[in-house]
Structures are given as C-alpha cells and as structure tokens.
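J.: Residue numbers (UniProt numbering), protein chains in the order written: chain H, 1 to 653; chain V, 1 to 567. Using N, Cα and C, we set each Cβ at its ideal position, and we do this for glycine too. Have a look at the structure that comes next, please.
Below, the structure written as structure tokens:
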C-alpha cells in the first residue's frame, strides 16, 4: 500500500504540530506538492488534545516508548555511495516526569467490571458522539477526519490499527494501571472510606444537588469522550497573529471559538475577578468610584502610550512594577495591571515592556467580547487539524502513523534529497520540514532545551463561583520566590467541549525550574482541595475539589537556534514544539518565516478563491459559458422576473 | 500540477461581476415597474406581494413598496378566510424578519411590523419580545428596535419591572446606551408612582440614590460618554412647573393692567382664557402683548376704562383668572396711589432653579462632592464641569456665584467650540443672581453693569424695575422682550456693542436712554424709540452714526419729542 505514495514532492513536512500544519497549508495553498506525515496516530504532536481515554493511552505510550530500543537499520542498505543519511529519532523524549493522581472515588471491585461494562456501552456512546461530530464538523475524531482528508492514506497497515479497538484496549489496560498508580500515591486508605461516603450525601455538599453528589472516577471514564484535554494550554489573542491568519486564510470556518469570559487574580489568598474592560469596570463592585476612574485613565493611557513619551520616559530605566507605583493607582489596581493585564511580574519587565503588554491586552479587548482571548471549542488541538484540512483541500497528502527513518543527503551538493519511510520507500522532495522532536540525539546533542511544567486537573467547581457555571477563566498566580515563574491557570467549563458536565478542566503552565509537580503543586494546593481531604476538613468547602490530576514536563524547543542542531542541510528546516507563552504568535511567526524561505515571493496563506471563480477540470470554456447561460436563464424568465431575483441579491452592495 | 486550483483572472472576474450586476439591475427595474403598473391599475393581489418581496428582500428601505403591501393585505383581509389569512400573516412576519436581517435599522420595515401586529386579532407578543431581544443582542443601541420593543411591551402589558431588568442587563453589557437609559427614565416613574408629582414626577429617594450610584459608576468609568450624563441630568431634574401667574401690575397713569406668566402663553382675544374681574364684576378687555404682535408671550397687557381707575373709591380690586391654567391673582390699587401690584417673589419660588432640583439638598450636595472629586481627576471633562455648575446653581446660586464663574472659565477653555453657548448660559445665571439680589434688597433698581453679559434673559421678571443699568457688557441688541419692562424710567446701556434697539418700544415711562459707545450705524436704527412717549434724554455719543453728516437733523425729525439728544 505504501507504494501508493507518489515518489516525489516539493515539500515534505514531518510532524503535525501547529507550525508544521500552518506551513503545510501555506505551501499547499501556493501550489506546492505537500506530503505531511506524523509517526503518531493522532494529529498535532504536542499540540494535540485527547479524550480522557485518549490521554491515558498517550500516557501509556510514553511509558512504553521509553523501553523501546528498536534498531532496524534496514534502510542503511538503501543509502548509495554518494549519499549520507541523517537518522531520525525513534522515541519522543519531549515528555518527562509524568505523574498521575486520582482523587475521585474509584471502587476497586466495581472498577474491574466497569471496564467491561464500558466496552459494551462504548458503541452507543461513540455513535452519539459521532452524530454530534457530523453536525458541528468539529469533533476531533482523528481517524474520521483523516479518512476524509487524505486520498491515499495507507489505512490499516496492521490489523491492530483499528482505532476504536485500540482505544478500548487501552481503557482496560490503563484502568488497571491506574489502580497501581494510586496504590503508590496514598489513595488506598481513602478509597474504602469514600466507598461508604459515596452513598450517603454528606452535609457539606453544596445546595445544587440534582447532579447527585460526587463525580466518581468511573463516571469520568464513562464520559471520557466529553473531554478534550490539551497537552499545551494556550488561548488566542483576539488580535493575535493566529486569529489574523485564520481569518485571512478562511481556515476559521473549520473551527468554533468561545470568548474567555473573565480574567481572575489571586491576591491575599483569594481569587477575585479583574475588571479589565469598560463594562467590567462599570459593573465592578469591588472598586471605588475613584479607583474606577484611575484604572480607566491608566488603561486609556496605555492604549496610546507611544504618543505620550513625556509621561513615561523618566521611568524607562525602572521595572514596570516600580513604574506602576509612581502612577495614581491603589495597590490592588497595581496588582491587577501587573499580574493579570500585563501578565508579567515584579522583576521581569521594564516599563516599556509592561506598557507594551498592557497595550496588547487592551488592543485585543472588545473585538469578540469583554476579554482579549478566545478559546477553540473542542480544545487547542483543533487548530493544527484545521490547517491540515486546508492543506488537504489544496491537494496535500496526509499519512498518520507513518514514520520516517532517515533523511537522505546528497554528498556532493550537501542538500537533502529524499526521505526513507518506515516501509523503506524513498520519497524525493525539494524541501524538508522536521519538527524538533523527530531528530535523533545525534542531531540535537548540542541543543539546550528549556522545559515547560504542566498540570492538568479535573475539578468539580470553579475557583470563583458566580451565577453562571459556564465561565472560562484565566488566572495568573505570581511566583512566590524569585527564580521561579508565575503560574498561568486556565479553567475551562463544559461548554468549551473539553470536559464533562459538572466538571472543570484546569490547565496550569509555567516555565520549569524543577519537575512539573514540584513547580505546580503549591499552586494547586492553594486553589484546590484534594477530594479525600475534604471529607475531614469541612471548613475548606470554599475551594473546589480535585478529582484527578496529571503533571508532566514538556520540552520547550521554541528558542533553539537552527545552528545548534548538528549538520543540517540547508533545505532541512526545523519547526519547534510548543512554547510556554499564552498566545500562538510564536508558531505563526515561525511558520511564516520558514514559508518565506521555502517559497520566497509567494503570499503567505492568501484568502482562498471565491468558489464561483474556481474553474473545474474540463471546464475551460466556463467563464463565457456560465455567463451566457445566466443571460439565457434570465431572458427566459423575464415574463415572471421574480424567481431569479431572489438569489442574486445577496452579493449586491 | 496536481490538485492546484485554476482560478479566473481578475479581468474575467470583473466582467462576470459586471454582467451579474447589469442583470440584477434589469430585474430590479422591471419588477419595480410592474408593481407600479399593477398598483395603478388597482390589481392589488398576491402577485404584488410576491413582486415587492423580491425587491424589498434586497432593499428593505423602499418605503413605497411597503405601502403597496399594506394596501394588498388590507384588500386580502376582506377576501380571505381566517385560515388563509393566518398563513398570509405568518409568511409576512417571516418575510419582515428576513428584511430586518438585511437592514436592522430600516424604518419602513419596523413600521410595517408595528402596523401588522396592530391588526392581528391574537398577536403573539412573546415572540415579538424575543425578536427584539435577539436584535438587541446583535446591536444593543439599535434605537429602531428599542422603539419597537417599547411598543410591544406596552401592547403586551409587560410589567415595568421586567423591562427595567432588561435595561439593566443591556447597560451591564455596555452602558453607553441612550435608549436603555431613556427607557429607565420612562419605567422608573411607572414603578414608583409619586402621587404628588404626576406621571413624570420625582422618584422616591432610595430609588433615586440607587440610580445615581449606577450612573456615577458609568461616568467615573468613562466621563466622556454623554449618555450617562444625560441620564444624570434627568435624575436630578424636575418636572415642568405648572403654569402660573407671576405678577399683576396696575397703573393709573397709563390706564392699563399688565400680567406676567411663568412661560410664554397665547391669550386669545375673543376666547375667555384670561378673565379680568374689577371690583367683583367681570370686565371685557382686549389683551395684547407689549410689542403689539400678540404672539405667545410672558407678558400681556390690557387697557382699563377710566371707571375702573377713578379716585372716588378708597380702592379698586383687580382679579385676573387664567382659566386653562386654573390659577389666579389679585391686586389692589389704593386711593392716591399711581400703581398697584402683586407678585410672586423669585426668592421664595426658586424660579430659577428649574434645571436641577431635588427636594433633598443632601442628595444634591453629595452629587456635587462626587462630581468635584471626578473633576479633580478629570480637570478637562466638560460634562463634569457643566454638571458641577448646575448642581451649584440648584444648591445655592448666590453662595456659589464666584466659584461658578471660575468653573465657567475652565469650561470655556476646555470646550471652546461651545464658547458662545457658555457665555449665554453664564449671562442667564448672572441675571438670575442679580434679580435675586434685587429682590432681597426689595428695590426696583437692577444693576447688571460689568458682568460680561452676552444675552438678556428673564426680562419678564423685571416688570416692576424702574432703573436698569446694563453698561459695560457685550450685548449686541436690546431684544423685543425688553418691551415687558413697563415701569422702566432710566435705561443705561453704555459701552456695549448694541446694533439694534428693537426692544426699546412702547415703554410708557422711559425718560432717559444712555447708549454711549455702541455700534449704532444709522439714525434709522432709532426708529423704535419714537413709540416711547416720555423719552426726553438720549445719549448717543461714541456711536458710528455720530460721524454721519446731518445725523442731528435726521434724529430731531425722527424723535421730535426727545428734548435732549447728545451725539
């Protein structure tokens, strides 16, 4: 089947993360023949989103991955004398220090049967899901979209690749594994307690009972399809590069978005809402009248600070936080501006950087709502897929579960000329884009990577409850000690289509100084109460309960310069994995820069042509023909002009 | 190349577009023509509905076609069965909605919907409210939709509390919303009726304070948003005062009676709206205005027969009844007196505080404090400055006079575009203060010199003034309303920029008129003075007309009774 792949392309893209997908789309849009491959079974690489069971199998893969020492040098025979090979890595080493904690009650005996029951239920759950997917055309059922998108995908290369089946197997396996995991982590004692508690609704259960007390682990498993858990937690700035690109290229039609509904701050042990828009300031109950004025005045100034150089030039040398102290702002306003609007810290940025960040925040405000951010429904993992879809629309060819063994370099020219894939097929191309994680250790031996600390939590309640339980919030928790970085918390409600009803999905992100758990657990403890402890301490009811938690570190390859990779030919381009930033500008910038190198003088993702203007094959006479037919049609209808007039009105100005 | 799209070139596109447009225009015109022909021929049937919907669907602002549709529907109503009509109405409502989506601010479309709903036997108001909510979701300031919503809410008798909550929600989203604030000003008096103040009266204090807080939130958040300031003005404003008779004056010499009202009114010459009762018997008199034009005026005059003024009786009683305003006033002319009057005192009646007024001055005081606080933060905000001035006027016009003048100066500096308006407003306030001072002093002499006045207001309040000094101001004219000063004997207008003297007419007691250093160009400008019988001294020195050869002769001819004319 692999032979079906054409043997020559213009651009081969390895890895389906966001920058790679944008480049693939851009190249395909400007007429390049694109082959886009990913060794994984899903789109997005470290930009992907997973259902709950998908996430568990992803975790499992990482564990297995570690053990695989697969040496299959069969491809070496194919390398000719005037050629050299750059072997690509077999294992992904970008994820480390994975730790999983389950706090929700899980009945051990039930659990075993549950898995079986789950298997039976699974079919119906899936079908329900897939009808939804049909309606919204947005659900990331990777395998489905895959088959619609690529014409020559070598499906079912191995019998076990039936995705549905694979998932189920994983479910069973991981639950088993899960139990072990919990055994390690002190959950054992509590599980039996919870068992008894579970049937007796406890007093401290908050009033909204209809949901029927606690969410159990088996419920999470059962509703696992409702989750779309992002590996990398980001949002879109309303006027960021990615939004502009989505609109310009019309890729936006493949995705749906929701506005982040509020910005939160963590101050003096309490979570509070940050008034950042005009409407917020107007409605805020916590600010005095004068504070409202001072905040609005300062923010208005920030909007056009460049035009008032004289007002800040004396403060250019000091930090933004020092500068804020010189302004007529009360301490809580200073805190809001520094941590939640500029999203910086006491020491990190200068006055100019802070003003710039504040301006950017405000500039994005109000385009789509009262906060500057958008979140893609069904998770961040949708975005790479949207661009892949666009790439496929313009003829790009997609192969998932398709690994590349090596790049073939022509000794004489020093340029890369082909790849050899897992089946030993040699595929020629002019340009090669490789995502950082695909390189072998030999290639990256000199590269210094930073790390991102991540936590994913499932909780039962928002960190700040209001009338509406459907809030999407961003919360910045400043670093407590110097040398560590602020922790960004994004809390998603179920209407973002990333978690089941009655739960919240919470992402924590910061630049690593230690392991993810060491970096993030203090913040988790400040904001949440582990489910088990809650049984004992009634007074802690204020905090949401923690049902499940995952910690991991992700490699941050965003700032690596190309020259630090060993011996890359000039036509091999490196795409980085996700960065730690809140927005996606980095990925877009990178994609545009690389695209300009591959296709100089071509426009980057121009708007697609109007469908009416597309000339279909064998339609060379189309323009004239269609016009004359329109005239004929109209003429024949003049007696009752009516019918045709209805249609053409909408493009008229 | 595989998979690469072939796309029309831009010339091809332009050509295709041009043909398409031409086609559309042809269809549009012929459809319009057909409709008009059918209308003229009286063929108002469903085909007209069909044709007009083609055009209106693309251009809902074609008002004539909505009229056609109304005519058709009216005709069909007579011909169709109720079931058929129901279908027709349903289609019409759906069509209207699609037109509103094309242009949510189409007057004709909203009006047609109003008309249609008003004709239905069982209109579905809930659906209409929902429609309004949807359109306001898209554009919360669409006043067409707000209008329609008020119509629907009134028809459906939606409780005002619910509508108020709706305005709350939209103000929360974006407080810069005139319609929403305005709707509140209609709903709140309905929700909190105050028996003493009629339908548009004041609000109870607790409600008022809550609203003031809300609106303060708005102008502290964005002091440049006008909508909140306008609502603030409404909250602090008061209802129009009832028509009143302010002053009654009888003069034996001139044998006339003068009445002044709280606002310009028209007194018909035949209709019995203003009755005069002299010594308990009704007297038929002819009412006129001082300028003789008999247009709506503050001041009306009638001549009295000598029998009503004779000196035989110890006194004469004059009672004037304003029948439509249900108000009256009485004054007495005693034996041996030249005149008699009865007047409401401006000091007692707070005549000049009509801009803002609340019963509780504490509320005004605290509003003044918050506005001053805001003003310190926003020294250049014109709305805030103006509100501070109005609040000071309402609280105590004399106490705050000096401060007010400073605020006017600042306001003029930050808002030079409205300098003339502000000068006039300032003049008005200064005249008010001077009138108050004069009345406290209980004299009939009004000092308005050196006040930088640009305009004369409240002249109807000066019915009894005998000496008026307007020197050293910036006045350019003596307006017709000056004719109301029936008792004026000496008028000083030196050092102004007077060009015309229209108001100095029919002043029965005027003896001296000082007009030095003004801008009177031609002797002809003095023509009105000929109607002042007692004028003996006229000083025109320093006017351009003094330079004209023969002016003295001209003036002597024009004003033969004026014994002393200085040029």
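Can you check whether the C-beta of residue 283 of chain H is within less than 8 angstroms of a C-beta belonging to chain V?
T.: yes
J.: Work out the CA separation of residue 265 of chain V and residue 312 of chain V for me, nearest whole Å.
T.: The straight-line gap from Cα to Cα measures roughly 35 angstroms.
J.: Could you tell me which chain V residues have their CB closer than 7 angstroms to the CB of residue 278 of chain H, listed as they occur along the chain?
T.: Those are 221, 222, listed as they occur along chain V.
J.: The alpha helix (DSSP H) that contains residue 111 of chain V, what's its start and end?
T.: 107-119
J.: By the criterion of Cβ-Cβ separation under 7 angstroms, what are the contact partners of residue 13 of chain V in chain H?
T.: 613
J.: Nearest by alpha-carbon distance to residue 105 of chain H: which of H/256, H/546, H/561 is it?
T.: H/546
J.: Please list, in chain order, the chain H residues whose beta carbon lies closer than 8 angstroms to that of residue 216 of chain V.
T.: 289
J.: Count the other CB atoms, across all protein chains shown, that sit within 10 Å of the CB of residue 270 of chain H; report buried if there are 16 or more and exposed otherwise.
T.: exposed
J.: When the Cα of residue 514 of chain V is compared with those of V/550, V/119, V/566, V/545, which residue comes out closest?
T.: The shortest Cα separation from residue 514 of chain V among V/550, V/119, V/566, V/545 belongs to V/566.
J.: Tell me which same chain residues have a C-beta within less than 7 angstroms of the C-beta of residue 368 of chain V, skipping the five on either side of it?
T.: 388, 391, 392, 395
J.: Check whether chain V comes within 8 angstroms of residue 428 of chain H, counting only Cβ atoms and requiring the distance to be less than that.
T.: no
J.: Given residue 109 of chain H, which residues of its chain have a CB within under 7 angstroms of its CB, disregarding the five upstream and five downstream residues?
T.: Residue confidence for residue 109 of chain H is low, a pLDDT of 44 falling below 50, so the modelled location carries little weight and cannot support an answer.
J.: Straight-line CA distance for residue 475 of chain H to residue 392 of chain H?
T.: 37 angstroms
J.: According to DSSP, is residue 102 of chain H helix, strand or coil?
T.: DSSP places residue 102 of chain H in strand when its eight states are reduced to three.
J.: With distance defined between alpha-carbon atoms, name the residue in V/203, V/448, V/437 nearest to residue 190 of chain V.
T.: V/203
J.: Who are the neighbours of residue 174 of chain V on chain H, taking C-beta pairs under 9 angstroms?
T.: 278, 279, 282
J.: Within the continuous alpha helix (DSSP H) that includes residue 556 of chain V, where are the two ends?
T.: 551-558
J.: With a cut-off of 8 angstroms, does the C-beta of residue 180 of chain V fall near any C-beta of chain H?
T.: Taking Cβ atoms only, chain H never reaches closer than 8 angstroms to residue 180 of chain V, which makes this a no.
J.: Give me, in chain order, the residues of the same chain whose beta-carbon lies closer than 6 angstroms to that of residue 482 of chain V; leave out the 5 immediate sequence neighbours on both sides.
T.: 459, 503
J.: Return the Cβ separation of residue 65 of chain V and residue 76 of chain V in integer angstroms, given the expectation that the two are a contact with Cβ distance under 8 angstroms.
T.: Contact flag wrong, Cβ pair sits at about 16 angstroms.
J.: Establish whether the CB of residue 367 of chain H and some CB of chain V are separated by less than 8 angstroms.
T.: no
J.: Confirm, please, whether the CB-CB distance from residue 146 of chain V to residue 179 of chain V is below 8 angstroms.
T.: yes
J.: Check the Cβ of residue 90 of chain H against every Cβ in chain V and list those closer than 8 angstroms, keeping chain order.
T.: Near residue 90 of chain H there are no residues of chain V at all, since even the closest Cβ is about 32 angstroms away, more than 8 angstroms.
J.: Ordered along the chain, which non-local residues of its own chain (more than five positions away) have a Cβ less than 7 angstroms from that of residue 333 of chain H?
T.: 291, 294, 295
J.: Taking only three categories from DSSP, how would you classify residue 101 of chain V?
T.: helix
J.: Just to confirm, is the Cβ distance from residue 89 of chain V to residue 72 of chain V under 8 angstroms?
T.: No.
J.: According to DSSP, is residue 569 of chain V helix, strand or coil?
T.: Outside the displayed range of chain V (1 to 567) lies residue 569 of chain V, so it cannot be described from this structure.
J.: Can you tell which of V/461, V/446, V/152 has the C-alpha that lies nearest to the C-alpha of residue 124 of chain V?
T.: V/152
J.: Please check if any C-beta of chain V sits within less than 8 angstroms of the C-beta of residue 293 of chain H.
T.: Output row for residue 293 of chain H: interface = yes.
J.: Is the shortest distance between the beta-carbon of residue 169 of chain V and the beta-carbons of chain H less than 8 angstroms?
T.: no
J.: Note down the Cα distance separating residue 571 of chain V from residue 446 of chain V, rounded to an integer number of angstroms.
T.: No statement about residue 571 of chain V is possible, as the shown extent of chain V runs from 1 to 567 and does not include it.
J.: Whose C-alpha, out of H/249, H/84, H/369, is nearest the C-alpha of residue 420 of chain H?
T.: The shortest Cα separation from residue 420 of chain H among H/249, H/84, H/369 belongs to H/84.
J.: Comparing C-alpha positions only, which one of V/37, V/184, V/174, V/154 sits nearest to residue 164 of chain V?
T.: V/184
J.: By the three-class DSSP mapping on this structure, what secondary structure does residue 444 of chain H have?
T.: If DSSP states are grouped into helix, strand and coil, residue 444 of chain H belongs with the helices.
J.: What is the DSSP secondary structure of residue 522 of chain H, reduced to helix, strand or coil?
T.: helix
J.: Does chain V have any CB closer than 8 angstroms to the CB of residue 297 of chain H?
T.: yes
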